[in-house]
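*Asks:* Before I ask anything, here is the structure I am working with.
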Amino acid sequence: MYRTGDLGRYLPDGNIEYLGRNDDQVKLRGFRIELSEIEAVLATHPAVHEVALLVRQDAGEKRLVAYFTVHEAQRTLEIETLRSHLQTRLPDYMVPAAYVRLDALPLTTNGKLDRKALPEPDAQALISRGYEAPQGEVENLLATIWAEVLQVEQVGRHDHFFELGGHSLL
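Every letter in the sequence shown is one number past the one before it in the UniProt record's numbering, and letter 166, counting from 1, is 166.
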């Protein structure tokens, strides 16, 4: 017998109903990803206090979103710093596309993380470089296409397709 981590149940008609997984493994763009592995690496950053990771579906596209709180002494922590921290320790496909800083992670009445209460990331949660408008016909056309496909408000000439949440299947 092979233990897949998938949960299911037999229905009265003999079919099997898929109920989900008994761990936090997800499949994103063809890669199997353990969310707890990314959370553990993110938690090693000295400024980070608590972390949670989710795969959110925005406009039909799945994205890894990191939620974090910081230690009280750390007033400022740029998301680019967190991304760089992860990029040196994880493969690119495991690096989140968005980072949401919270004052506290939402908890259920039992004191467990309430994943359903985690907010959707806004435009500031995405990695963005200093905005510089696209120049020329080709750059403007590409920026328009990227903004439409990636569901972002604006794309600058120094932005990276993959850092904005893009992938090879788009």
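Virtual Cβ for every residue (Gly too), placed ideally from N, Cα, C. Remember, it's a predicted structure, so these values are computed and weren't measured experimentally.
Fully enclosed by the UniProt domain "Carrier" (133 to 170), which alpha helix (DSSP H) runs are 4 residues long or longer?
*Replies:* 136 to 150
*Asks:* Anyone know if the C-beta pair for L102 and L126 falls short of 8 Å?
*Replies:* no
*Asks:* Counting only the same chain and skipping the five closest in sequence on each side, list residues whose C-beta sits under 8 Å from that of V152.
*Replies:* A123, L126, W146, L164, G165
*Asks:* Looking at C-alpha atoms only, which residue of E137, H158, T44, P119 is the closest neighbour of D58?
*Replies:* P119
*Asks:* Take F162 as the anchor and find which of Y93, E139, L19, V70 has the nearest alpha-carbon.
*Replies:* Y93
*Asks:* Quick one: Cα of R83 to Cα of H45, how far?
*Replies:* R83 and H45 have their C-alpha atoms roughly 11 Å apart.
*Asks:* Which residues mark the beginning and the end of the beta strand (DSSP E) in which H85 is found?
*Replies:* Looking at the DSSP string, H85 is not in any beta strand (DSSP E); the run it does join, the alpha helix (DSSP H), is 79 to 87.
*Asks:* Under 7 Å Cβ to Cβ from A47, same chain only, skipping five residues before and after it: list those, please.
*Replies:* V70, H71, Q74, L77
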